[in-house]
Structures are given as C-alpha cells and as structure tokens.
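Undergrad: I'd like to ask some things about the structure below.
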Amino acid sequence: MPKVKVDGIEVEVPQGATVLQACEAAGKEIPRFCYHERLSIAGNCRMCLVEVKPGPPKPQASCALPAAEGQEVRTDSAMVKAAREGVMEFLLINHPLDCPICDQGGECDLQDQSLAYGRSHSRYTENKRAVTEKYMGPIIKTVMTRCIQCTRCVRFGEEVAGVEDIGAIYRGEDMQITTYLEKAFKSELSGNAVDLCPVGALTHKPVAFEYRPWELRKNLSIDVMDAVGTNIRADSRGRQVMRVLPRINEDVNEEWAHDKTRYHVDGLVRRRLDRPFVRKDGKLVPVSWDEAFDAIAAVAKGAGSSVAAIAGDLLDCETMFAAKSLVKAMGSDLIESRQTGMSYDVSSLGAVAFNPTIAGVEDADAILLIGTNLRWEAPLINTRVRKAIKKGAKVFAIGPEMDLTYKVEWLGNDLGVLGTLPESLAQAFDGAKRPLAIVGPGALAKGHGAALAFAKSANLVRTLEDGTAWNGFGVIHTAAARMGALMLGFAQKGGIGDIFRAAPKLTFFLGADEADFAMFANSFKVFIGHHGDKGAHHADVILPSATYAEKPGTYVNLEGRVQRADRAVFPLGDAREDWTILRALSEKLGHTLTFDSFEELRAAMAAEVPALGTEGLAGYSWDAPALAPDAEGPIAYPIQDFYLTNAICRASPTMQRCSAELLHGEDYAEAAE
Amino acid sequence: MADAPKLPDEAETRARWGNFAWSEANAEKAREIMGRYPAGRQMSCTIPFLDLAQRQVGAETNTQGWLPVPVIEFVARELDLPYIRVFEVATFYTMFNLVPVGRYHVQVCGTTPCMLRGSDDVLAACKSRGLKKGHTTEDGLFTLSEVECLGNCASAPMVQINDDNYEDLTFDRTVAILDRLAGGDQPKTGTQEPGRHTVEPVGGPTTLTAMVNENHDYRGEWA
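Dropping the structure here:
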C-alpha cells in the first residue's frame, strides 16, 4: 500500500494503482482521453501528464506510471500547466473546428478539456489533416477527421465486446481508425464505442443531428429489452425519448448497454396504439374509452369468473399486480406470464433465478453454459463471462455451436450430455472454487431437472473457505417482466397450456404479443398494450397503454434485483398508464380495485409481496425442487433475431435495419458524400 | 493521406488470390518460424509470415510481391488472429506492399542525411528512366517509392532495390544500376564508390589513426 503525496495531500493507494488513480484519490482532476477505467492502459494521448518526484525532470504520463512509496506528485505546477497546454495544442492541430455541426458538442471531452486546460488561441497556420470517412455499420456514424486516435474503441472491441473488427491502420500522421475493410462493427455492444469516444469521431448514427445534449431532460429508468435490468437514463425532449444511455451500476451493467437498449427509442413513437379500439364486424374501429369499457363489461357479465390474464415481457410489477387483483376480484386465478408456452417448475424461485449474481460471474472459475446463447439473451452477462475467462475460468457449453466471442468447449447439442459429462469438464469443476452453471431458456423447458441434478452433483451451492455462500446456479430469462411476474404468481403449473385448457371466456393480454392467439379463438380478447403488434391484431378490444418510458414502475431482473424506474415522458394520444386503465375498468365491471393512486397500488403490492417493496436483491431461498433428473433432445435458442425480440424493437426502424444488415447481410452501403 | 495506397478492387483480388496457401517449401519454413515462439505466442509470427507470404506472391507473379487482402486473411487464419490485427501490421510497415509492385521495388531514401548528400539526384535519375513515385512502369519492371531512413547514412545517398542496398549514389550511378537491372544483369550491391568496400571513411581514417595497425591507448592523451 504505497503512500503518495499529491499536491501536498498524502494518500494511500492499493498496490498496483497508477499515479492517475492516486491523484483521483486525492481529489485532483486529471484530464485524459485515452485512459478509461474499464479498458487496458494505452498511454497514447499524453493528456494526463503530471510532475513526479523522484524521476526524470520532465512531465510523466500518470495513467501508465505505477504509484510508488514516497512519490511526490504535482498536478498544479507550471510544468504541468505548460505540458497540458502543449498536448492540447498538438491534439487540436489536426482537429477540425466543426463543433457547431458536431453531435458530440456539449458533451465532448476535447471541448471541455481544451476550455479547461488548453491555450486560448492557436498558433497553427498550416493545412489540417483530413481523413476519409469510414463505414462502421448502422449504429456508428463516423467523422474520422475528428479522431484523436485514443484507441478506446479499438480496445473496447478487443477487450469488452470480444469482436475484433476495429483497428488502427497505417502509421504516424496517416494513422486511421477503421473497421476491417470498412465493414460494419458486428457487435451487439457497438453503441458503447460511441460513448467511449472522447470526441465526435464516433457518434450515434440513428439520432444524428436530432438533438443537443443540453436540450434533454434526464430521466432515470430501467431497461426492459432483456432481463438483465440495465440501469438507463432515458433522455427526453418534449414528449419524446431521444436517446437511452446506460447509468453506472457495478452490480448490473457496469457502464455498458447493448444496442437494443440504446437504439429502440425510435420504436417508442412508431406503430403506437393511441386510442381505444373495438372490433365491430371483424374490423377494429376507434372508439371512446367508455365504449371500449362497455364492450368489455357486456362480455364480463356473461363470463363470470371465466377470466384470465396473460402478462407480456415488458411489464412493470405494478401493472401485473393491478391485473392480478382484477382477475382475482372477478373470481379467477388464471394468470400466466410465460407466453411462449414454457412451463418450468416455479415452486422455488431460487431454482429459476440467476443466483450467482451478475457481478459474481466474474469470480467463477469453471462455467457450464446449458442451452444459452448468452450473447443474445443477456449480452451484459456475456461480458462478465469474458472477464471470468480473463481471470482464468474455463467455459463449457451444451447447445448449438455459435460464436460467443470467447473460446468455449462445446459438448454437443443434446440435453442428454448432462448425464454423461466428459472427463475434462469433471476435472475443471472438481478443481473449481466457484463453479457456475448458466441455464438458458433453450434448456429450461426440458432440462430444468437435469440442470438442477447437475447443480447437486457438482455441488454448485456451497460455502466457500472464507465462510461466504456461493450459489453457482444461474437461470437466464429473456423477458424483463419475468422474475417480477413469477414473484407475483403469474405462473400456472402447466404454463399457458393450463389457461388454454380452462378456456376462459374473457382474456386480458397485457402487452402480450408472443402468445399463441389461435388457442384463444373462443375467448374475448382484451389487449392492453402500447404497440400495434401481434397482440393488437388478434384483439377484440384494444386499450392503449404506456410503454416502460411513460410510467413509473418496479422491475425485477433475473437475479431477483428489485429496481425502480421513473417516468420519462407521458403516454401518447389517449393512451393511459396501465394501472389506471385496470382501475377504471374494474369500476365498470363492478369489482372496484382498492387503490386510487400509484402510491396506494405500490403499498398494496408490497403488502402482498414484501420483497417488491424495497429495492435491491430479493434474496430467494435455495430449496431446489425435486424434478426428473433426466433430459434429452436437442436445444434450440429461443431468440431468432436479436434486434427484433419485442413489439418496441419491431417498430423501430433502427432495429429493423440492424437486423437486416447485421444478421441478414443486406447491403446498406451509403452513397459517397 | 494522399500517399495512402488505394486497395485494389476487392472482388478481383479475391478471385485471383482467394485460394492462396503456402507452397510446399514455404509451409516448411512457416512451421520453422512458428517453432521459434512459445505456444500461445503465435502473434509473434505475424511479421515473418507476412514477409513469407509477400515473397511467395512475388514468386508467383514474378515481381517483388505484395499482400492482397485474401493473403493477409490467410496469414491471420494460419495464426488464429482476427483479420484486423494482421491488417494493422501489414499497413504499418512500408516494407509490406498493399498494391502490386514491379519486379524491382526501388525504394529511395529521402531522409535528411541522404537528402543532403543528393537523394534529389537519385530521384531525378529514376525519373529519367520513366519511374514515377508510387507507380509501376509500363513494362512492369520498376516500382518507385520514397522511404524514410534505411540506416545507411554513412554511405548516403542510397536506394534499396528488393533485398539489396546500393549506396554512394549519384545521378549517373543510379541510371547505370537501373539500366543493368532492366537488362537482366545483377549490378554490384553495396557502395558504388570506387575503392570503397563498405562504409569505411572515404580516403582513409581521419580519427583514431593510431589504431589502424595496432592497439593504442589514447587515455594518456586526454586533455
């Protein structure tokens, strides 16, 4: 633990820390471009120069200099000031003065730091360097003349995304950052490279020239594109969400977000249901809220307790709780959230949760992936697996072979393998301190019992030497609403099949677009949702509701982490927040719900499921149910198209283009400008 | 940036070089090169492999060789590296040609010592024989490029043609070398100065003269 003096302030930093980190510990701001906490150290921008004694009498790059006992660091001397001004001047020599037309303007590191640490004028009168435009795909817009070659994007591709498409070619003044042969950057995390870019060289292509950062209102929210529960900031202007950026949460998403999280936002204002509809003579006709409610009430009278509710993938817990309360008040308990027909055992939530926690994946030293395409089902858990591998973990997988961005020992595509595991796996798991099995939705349907049997035989749940508990059994879900729904009891023993068999006369579809609507042919279908997708096409009544960005809500991610999101904008047109729709409808149906405000609803929900009342890990108990330990049959990953997994994405032109270009190889090469 | 080569048409190079693989002799050499590095450090082979590949392309086309994109990709596959990592290396070094070159790759050093000693004359000589910077002559014999210091400052100016250096050049000596190469002869390599063997001082030593014939202790003479 070396002690370092920074500008006279003594700080103690951990062994292996850099001078830059020591300066930060002392509360000093060190300007930087290439250094980034989550990437390897490059030391090529030279902006972090400080004066260090003992050492050569010249400024030193603090990001790459290890802090050592007794060092005296100055960040405020004349030498440091001159060095920063010099570096800044060099960086600006070839940087165009196009801030007024640059999308990075207002949140540009170069702009900010030249203001704070640069000279007030330029002495440079020569021609500036110009770099030809590069193509990096549908997400990243490039203006490479602005690039200062910090190589953050290159290191991100190599170290975090694991897709080595970006590189620096040529040398010296001719050096250029580009993708290989200017093809698209084929990573589902590509948007993070834009965030990392300290200048305007890489900007968000889907929203080019759409906004200025200072026009946006920043709203804290939770991502619903997958079950990881990425902490996001939905930046809105007026009534529209303009962009989504990740918030730092070390336990969940670190500071990354995948492209679906970021760029589905143009889907929030397209194909929206903005008024109620009722099907008359086979055609959906726009009506008033009263008419829509009357139509439902007329059916409800005859239906009695033959009512069911199907929850969609993007729902907040409050909506589901309100729906559950309504169905219960009507005398039914037919509620289900697993629309696609999965019917795994939910008698113990621990057995279907991601127990090791997302951050815990990094510590695992032997990992078995059972029927999971992590790269698409939970890209931010995939990055954690990559980190575990860097620390020495060995990874095995059962399922159809595919590129997970790291080396995997594939054991075949049959759940039967779980019964006859090879020697190499047994060896790795025997020697492992923190063994981990990740069960994906592809295996959960048939292989839940076999996976649990493996958890038992491999002793995945154990007490570590230091006395802490380790649970190495993690289940991946793909729906943001899933864990919350299971906590609220949205699960029948036989899955959605039980609901088919009960043949409800009236069924509420809460944003459920993936269900098999043919099975509900004889039911009166009320669709409460926000997008005109599959659910709306089959509905008899459509009640327009709010997207996740338009309502506050509680979400539970796959670890069982309860998180709260705020409202970013208001619902479009006549649409209303889901719980208010259910509350108003309940009165019409004569089963008035007991809560009159959102706070009352939350309180009622917390009274029923206390874990939903507090943020943080719900802490499921581990009492694995006894299921048949045998399984066989091939595995199929449920996600066919990463970019089009829900109604919002399918409505988003950006996501459609990503799908067409990155997954289906369509050519979108742009005309030369 | 203006000098950055424009990669040849991708479809064409893929059609011509898509099936590139080591020749028998080179496969043996590649194994030998790979053997020099510990397992898992195969990235170290990037430069020798690219060189080997460029030479094989040269042998196949009877030129000095270049690196078509499919060949770079072949090297990357051989080393189990992402294409971009090998591409970065190939573009970084001027010795790797990204466009086809002629049979003789004339690399004129234009860095300060050579320039002071008359590299402009050397370039003029090249020009007089129809060579143009960055281009290959019509007959496919010569490609001219200007490069930075090649480390022969003591016998400047110099050119490197293929694997050989020609030093102490003048306009006439350069023309003579080019003419002999064009005629299919191999001119004398190294210094072109009559009487000079390598880079020893011209006209005899001017310093440490006492050490020419025997060892001499200068320490007593230090002021």
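Chains A and B, in that order, are what the protein sequence lines are.
Residues in the first sequence are numbered from 1 upward in steps of one, following the UniProt record's numbering.
Residues in the second sequence are numbered from 1 upward in steps of one, following the UniProt record's numbering.
All C-beta atoms, glycine included, are put in the ideal place defined by N, C-alpha and C.
In chain A, what lies closer than 8 Å to glutamate 88/B by C-beta?
TA: Against the second sequence, residue 88/B aligns to sequence position 88. Neighbours of glutamate 88/B on chain A, chain order: Gly167, Ala168, Ile169.
Undergrad: In angstroms, rounded to a whole number, what distance separates the CA positions of aspartate 365/A and phenylalanine 396/A?
TA: In the first sequence, counting from the first residue as 1, residue 365/A sits at position 365. In the first sequence, counting from the first residue as 1, residue 396/A sits at position 396. C-alpha separation (whole angstroms): 11 Å.
Undergrad: I want to verify the contact list: residues of chain A whose CB lies under 8 Å from the CB of valine 69/B, in sequence order.
TA: Sequence index remark: in the second sequence, residue 69/B carries index 69 (1-based). Neighbours of valine 69/B on chain A, chain order: Leu181.
Undergrad: Is the distance from the Cβ of cysteine 293/A to the Cβ of lysine 551/A below 9 Å?
TA: As a first step, residue 293/A is located in the first sequence; it is residue number 293 there, counting from the start. As a first step, residue 551/A is located in the first sequence; it is residue number 551 there, counting from the start. The question names cysteine, yet the displayed sequence has phenylalanine at residue 293/A. No, Cβ-Cβ distance for phenylalanine 293/A and lysine 551/A is not below 9 Å.
Undergrad: Could you check whether the Cβ of glutamate 600/A sits closer than 9 Å to any Cβ belonging to chain B?
TA: For the purposes of this step, residue 600/A is identified with residue 600 of the first sequence, where counting begins at 1. Not one chain B Cβ lies under 9 Å of glutamate 600/A.
Undergrad: Let's test the definition: count the other Cβ atoms within 10 Å of the Cβ of phenylalanine 527/A and tell me whether it reaches 16, buried, or not, exposed.
TA: Against the first sequence, residue 527/A aligns to sequence position 527. Under this definition phenylalanine 527/A is a buried residue.
Undergrad: Do you know whose CA, among Val6/A, Glu37/A, Ala184/A, lies nearest glutamate 666/A's CA?
TA: Residue mapping note: residue 666/A aligns to position 666 of the first sequence, counting from 1. The residue with the shortest Cα to Cα distance from glutamate 666/A is Ala184/A.
Undergrad: Using the beta-carbon of each residue, which ones in chain A are nearer than 9 Å to arginine 85/B?
TA: Position 85 of the second sequence, counted from the start, is the residue given in the question as residue 85/B. What arginine 85/B touches in chain A, judged by beta-carbon distance under 9 Å, is Glu158, Glu164, Gly167, going in chain order.
Undergrad: Could you give the distance in angstroms between the alpha-carbon of arginine 196/B and the alpha-carbon of cysteine 153/B?
TA: Working through the second sequence from its first residue, we reach residue 196/B at position 196. Working through the second sequence from its first residue, we reach residue 153/B at position 153. Cα to Cα, the separation comes out at about 15 Å.
Undergrad: If alanine 481/A sits next to leucine 314/A, beta carbons under 8 Å apart, how far is it from one beta carbon to the other, in whole angstroms?
TA: Sequence index remark: in the first sequence, residue 481/A carries index 481 (1-based). Sequence index remark: in the first sequence, residue 314/A carries index 314 (1-based). Indeed they touch by this definition, with Cβ atoms about 6 Å apart.
Undergrad: Going by alpha carbons, who is nearest to glycine 613/A out of Pro629/A, Phe321/A, Ala518/A, Phe490/A?
TA: Position 613 of the first sequence, counted from the start, is the residue given in the question as residue 613/A. Per the Cα distances, Phe321/A.
Undergrad: What did DSSP end up calling proline 48/B once you bin it into helix, strand or coil?
TA: As a position in the second sequence, residue 48/B is number 48, starting the count at 1. Proline 48/B: helix per DSSP, three-state reduction.
Undergrad: Excluding the five sequence neighbours on either side, which residues of its own chain have a C-beta within less than 6 Å of the C-beta of lysine 218/A, listed in chain order?
TA: Along the first sequence, read from residue 1 onward, the residue named residue 218/A stands at position 218. Arg233, Asp235.
Undergrad: What separation, rounded to the nearest whole angstrom, lies between the Cα atoms of aspartate 121/B and leucine 52/B?
TA: Here residue 121/B refers to the residue found at position 121 when the second sequence is read from its first residue. Here residue 52/B refers to the residue found at position 52 when the second sequence is read from its first residue. Each residue's Cα considered, the two are about 33 Å apart.
Undergrad: Is it the case that the Cβ atoms of leucine 486/A and valine 352/A are separated by a distance below 9 Å?
TA: As a first step, residue 486/A is located in the first sequence; it is residue number 486 there, counting from the start. As a first step, residue 352/A is located in the first sequence; it is residue number 352 there, counting from the start. Yes, these two residues count as a Cβ contact at 9 Å.
Undergrad: Along the chain, where does the alpha helix (DSSP H) containing serine 424/A start, and where does it finish?
TA: Here residue 424/A corresponds to residue number 424 of the first sequence, with the count starting at 1. From DSSP, the alpha helix (DSSP H) with serine 424/A extends over 423–430.
Undergrad: Can the beta-carbon of valine 556/A be found closer than 9 Å to that of glutamine 563/A?
TA: Your numbering for residue 556/A matches position 556 in the first sequence. Your numbering for residue 563/A matches position 563 in the first sequence. Contact flag set, yes.
Undergrad: Taking only beta-carbon atoms, is proline 82/B less than 9 Å away from chain A?
TA: What you label residue 82/B is simply residue 82 of the second sequence in a count that begins at 1. Chain A, which has a Cβ nearer than 9 Å to the Cβ of proline 82/B, makes this yes.
Undergrad: Please report the residue range of the alpha helix (DSSP H) in which arginine 16/B lies.
TA: Numbered from 1 along the second sequence, position 16 holds the residue referred to as residue 16/B. From DSSP, the alpha helix (DSSP H) with arginine 16/B extends over 10–17.
Undergrad: Checking contacts by CB at 9 Å: is glutamate 32/B closer than that to chain A?
TA: By 1-based counting over the second sequence, the position of residue 32/B is 32. Closer than 9 Å: no.
Undergrad: If distances are taken between C-alpha atoms only, which option among Arg119/A, Thr18/A, Val163/A, Tyr263/A comes closest to serine 652/A?
TA: Indexing the first sequence from 1 puts residue 652/A at position 652. Out of Arg119/A, Thr18/A, Val163/A, Tyr263/A, Tyr263/A has the C-alpha closest to the C-alpha of serine 652/A.
Undergrad: When you compare the CB of threonine 191/B with every CB in chain A, is at least one pair closer than 9 Å?
TA: For the purposes of this step, residue 191/B is taken as residue 191 along the second sequence, with counting starting at 1. The beta carbon of threonine 191/B sits no closer than 9 Å to any beta carbon of chain A.
Undergrad: Let me confirm a value: threonine 122/A is counted as buried when at least 16 other C-beta atoms fall within 10 Å, else exposed. Which label applies?
TA: Here residue 122/A refers to the residue found at position 122 of the first sequence. According to the sequence as given, residue 122/A is serine; it is not threonine. So serine 122/A counts as exposed.
Undergrad: Alpha carbon to alpha carbon, what distance is there between threonine 174/B and residue 231/B?
TA: The structure shown does not extend to residue 231/B, since chain B is modelled only from 1 to 223, so the question has no answer here.
Undergrad: As an exercise, report each continuous beta strand (DSSP E) stretch of at least 3 residues that is fully enclosed by the segment 127–203 of chain A, in chain order.
TA: 140–142, 166–169, 176–179
Undergrad: Taking its Cβ as the centre, do 16 or more other Cβ atoms sit within 10 Å of glutamate 78/B, making it buried, or is it exposed?
TA: Numbered from 1 along the second sequence, position 78 holds the residue referred to as residue 78/B. Buried is the call here.
Undergrad: Considering only C-alpha positions, which residue in the set Ala223/B, Leu67/B, Leu178/B is nearest to tyrosine 104/B?
TA: Taking the first residue of the second sequence as 1, we reach residue 104/B at position 104. The residue with the shortest Cα to Cα distance from tyrosine 104/B is Leu178/B.
Undergrad: In whole angstroms, what is the alpha-carbon distance linking cysteine 106/B and glycine 183/B?
TA: Within the second sequence, residue 106/B is the residue found at index 106, counting from 1. Within the second sequence, residue 183/B is the residue found at index 183, counting from 1. Here the sequence assigns valine to residue 106/B, which means cysteine is not the residue at that position. If you take the alpha carbons of valine 106/B and glycine 183/B, they lie about 16 Å apart.
Undergrad: Name, please, each residue of chain A whose Cβ falls closer than 9 Å to the Cβ of phenylalanine 92/B.
TA: Residue mapping note: residue 92/B aligns to position 92 of the second sequence, counting from 1. Neighbours of phenylalanine 92/B on chain A, chain order: Ala168, Ile169, Tyr170, Arg171, Met175.
Undergrad: What are the partner residues of isoleucine 438/A, as DSSP defines its beta bridges?
TA: Here residue 438/A refers to the residue found at position 438 of the first sequence. The partner list for isoleucine 438/A (beta bridge, DSSP) reads Leu369/A, Gly474/A.
Undergrad: Using the beta-carbon count (16 or more within 10 Å), is glycine 27/A buried or exposed?
TA: Your numbering for residue 27/A matches position 27 in the first sequence. Classification for glycine 27/A: exposed.
Undergrad: For asparagine 215/B, does the count of other Cβ atoms within 10 angstroms reach 16, so buried, or fall short, so exposed?
TA: Here the question's residue 215/B lines up with position 215 in the second sequence. The residue is exposed, with fewer than 16 neighbouring Cβ atoms inside 10 Å.
Undergrad: Under 9 Å, Cβ to Cβ, is there at least one residue of chain A near glutamate 146/B?
TA: For the purposes of this step, residue 146/B is identified with residue 146 of the second sequence, where counting begins at 1. Taking Cβ atoms only, chain A never reaches closer than 9 Å to glutamate 146/B, which makes this a no.
Undergrad: Roughly how far, in whole angstroms, is the beta-carbon of isoleucine 438/A from the beta-carbon of leucine 369/A, given that I think they are within contact range, below 8 Å?
TA: Counting from one through the first sequence, the residue named residue 438/A turns up at place 438. Counting from one through the first sequence, the residue named residue 369/A turns up at place 369. Confirmed, about 5 Å.
Undergrad: Among residues of its own chain, excluding the 5 on either side of glutamine 240/A, which ones have a beta-carbon nearer than 7 Å to its beta-carbon?
TA: In the first sequence, the residue the question calls residue 240/A occupies position 240. The beta carbon of glutamine 240/A sits closer than 7 Å to the beta carbons of Val269, Val569 from its chain, once the five residues preceding and following it are set aside; these are given in chain order.
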